[in-house]
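Heads up: the structure comes next, in structure tokens.
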Amino acid sequence: MKQYVLQRFIQMIVILFGTSFIIFFLFAMLPGDYIDSNISLTPQRAQELKALYGLDQPVLQRYFTWLGNALHGDFGYSLKHQEKVLSLLNKYVWNSFFVAIFALFLTWSIALVSGVISAIKQYSWFDGFVTFFVFAAMSFPSFFISLLFIKWFGVDLQILPIGGMIDTGSDSTGFAHLLEVGKHMILPVTILTLLSIGSLTRYFRTGMLEVIRQDYIRTARAKGLKERVVIFKHALKNAILPAITLLAFELPGLFSGAIIMEQIFNWPGVGRIQLESVSFRDYPVLMAFTMFLSCLTIIGNFLADVTYAAVDPRIRLK
Numbered sequence: 002m003k004q005y006v007l008q009r010f011i012q013m014i015v016i017l018f019g020t021s022f023i024i025f026f027l028f029a030m031l032p033g034d035y036i037d038s039n040i041s042l043t044p045q046r047a048q049e050l051k052a053l054y055g056l057d058q059p060v061l062q063r064y065f066t067w068l069g070n071a072l073h074g075d076f077g078y079s080l081k082h083q084e085k086v087l088s089l090l091n092k093y094v095w096n097s098f099f100v101a102i103f104a105l106f107l108t109w110s111i112a113l114v115s116g117v118i119s120a121i122k123q124y125s126w127f128d129g130f131v132t133f134f135v136f137a138a139m140s141f142p143s144f145f146i147s148l149l150f151i152k153w154f155g156v157d158l159q160i161l162p163i164g165g166m167i168d169t170g171s172d173s174t175g176f177a178h179l180l181e182v183g184k185h186m187i188l189p190v191t192i193l194t195l196l197s198i199g200s201l202t203r204y205f206r207t208g209m210l211e212v213i214r215q216d217y218i219r220t221a222r223a224k225g226l227k228e229r230v231v232i233f234k235h236a237l238k239n240a241i242l243p244a245i246t247l248l249a250f251e252l253p254g255l256f257s258g259a260i261i262m263e264q265i266f267n268w269p270g271v272g273r274i275q276l277e278s279v280s281f282r283d284y285p286v287l288m289a290f291t292m293f294l295s296c297l298t299i300i301g302n303f304l305a306d307v308t309y310a311a312v313d314p315r316i317r318l319k
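As numbered in my numbering, residues 2 to 319 make up the sequence shown, in order.
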């Protein structure tokens, strides 16, 4: 097991460096940057700024400079926001993280329960309802469902706020502030959950259907074990094993998927900063955020491999 973990860890480090190389060179190949797109700068001043930030150096030299600084926690300077990139992202990434982690918890909890029950009660009214709900949730675009919920719950019923993280002019503190933020999170979290729950529910349902048809499940029932024991002790444990791999992609997917949600609900998250950076060609911010998502994905896959090997010894013996 130790050798397997060490091998996967070395692979993760190599992939991280390879990913950083690809990300930097892709952005370096893009035409123009924040300085070039700023029409208020004179050619002489633009040249001075390029020399100041090292943008006039060869690409390979710029990469190693950027990589060395990144390893020390310095991802450059945002010309648009006039602030260090790491400090800028740190202000907003936690707002996105709270929305993403709550949506992740709700998505997996609801999908696991509904998928398992739907498989156990195959072709029942509950299975039909889940199937209909899943395909309905997957069919509508995110902006349409978001605007629909804003109209229903924010405009018509007026029971939920339609945007922002706190009420306008609010000076609440302590527990009252947490309640206020939680109330503003309801709609974004609900939308993200609805968008993610469909495919995951079908995945759990399909996996459970395959497991409960296996011979060892029939043997367990033939031994006279209670159905509850057969399902939750023998079938469920094996049915959710493949889902470990899916979990590695969920959090990065929610971070990237929250970009539209943050625009619609005016949520002060890192997704809005990313869109602004695209508009103004603020490449240091875009590179740092893209690297952040890549790190989440790669580290998530590493943890998934280790977890899978821990629960299935056949993996680490290969």
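All C-beta atoms, glycine included, are put in the ideal place defined by N, C-alpha and C.
As the structure is a prediction and not an experimental result, all values here were calculated from the model.
query: Cutoff 8 angstroms: Y54 Cβ touching any chain E Cβ; result: Reference to chain E is not applicable here, since this structure consists of a single protein chain.
query: Nearest-angstrom beta carbon gap, P285 and S79 [assumed within contact, 8 angstroms]; result: 6 angstroms
query: Unbroken alpha helix (DSSP H) run spanning G208, endpoints; result: 175 to 212
query: Span separating the alpha-carbon of T202 from that of I118; result: 10 angstroms
query: Separation of T66 from I121, as counted between CA atoms; result: 57 angstroms
query: Rounded straight-line distance, which links the Cα of T108 to that of V114; result: 10 angstroms
query: Assigned exposure category for P253 - 16 Cβ within 10 Å defines buried; result: buried
query: Span separating the alpha-carbon of D75 from that of S125; result: 57 angstroms
query: C-beta contact flag for V100 and W268 at 8 angstroms; result: yes
query: Contact the segment 276 to 290 vs the segment 162 to 169: 3+ CB pairs below 8 angstroms; result: no
query: Straight-line gap, P44 to D37 (C-alpha atoms, nearest Å); result: 9 angstroms
query: DSSP bridge partner residues for Y5 (one or two, in chain order); result: None; Y5 has no bridge partner.
query: Residue burial classification, G175 (beta-carbon count within 10 angstroms, cutoff 16); result: exposed
query: For K238, three-class secondary structure by DSSP; result: helix
query: Status (buried if at least 16 other CB within 10 Å, exposed otherwise) for R46; result: exposed
query: Nearest-angstrom Cα separation, counted from T308 out to V279; result: 37 angstroms
query: Which of helix, strand or coil DSSP assigns to S115; result: helix
query: Supposed close pair I192, I146 - CB separation, criterion 8 angstroms; result: 6 angstroms
query: Exposure of F141, with buried meaning 16 or more beta-carbon neighbours within 10 Å; result: exposed
query: In DSSP terms, what S79 is bridged to; result: E84
query: The segment 294 to 310 touching the segment 11 to 27, judged by at least three CB pairs closer than 8 angstroms; result: yes
query: Reduced DSSP secondary structure (H/G/I, E/B, other) of K224; result: coil
query: Nearest-angstrom Cα separation, counted from L50 out to Q83; result: 13 angstroms
query: Range covered by the alpha helix (DSSP H) that runs through M139; result: 126 to 140
query: Nearest-angstrom Cα separation, counted from R282 out to D34; result: 5 angstroms
query: For Q58, the three-state DSSP class (helix, strand or coil); result: coil
query: C-alpha distance - F303 paired with F10, whole-angstrom precision; result: 7 angstroms
query: Nearest residue (CA-CA) to T291, options V271, D306, A305; result: V271
query: Proximity winner among A305, L247, G225, A138, relative to F205 (alpha-carbon distances); result: L247
query: Proximity to E277 [Cα-Cα], best of Y217, L90, L68, E228; result: L90
query: Residue span of the alpha helix (DSSP H) that contains K51, given as start and end; result: 44 to 53
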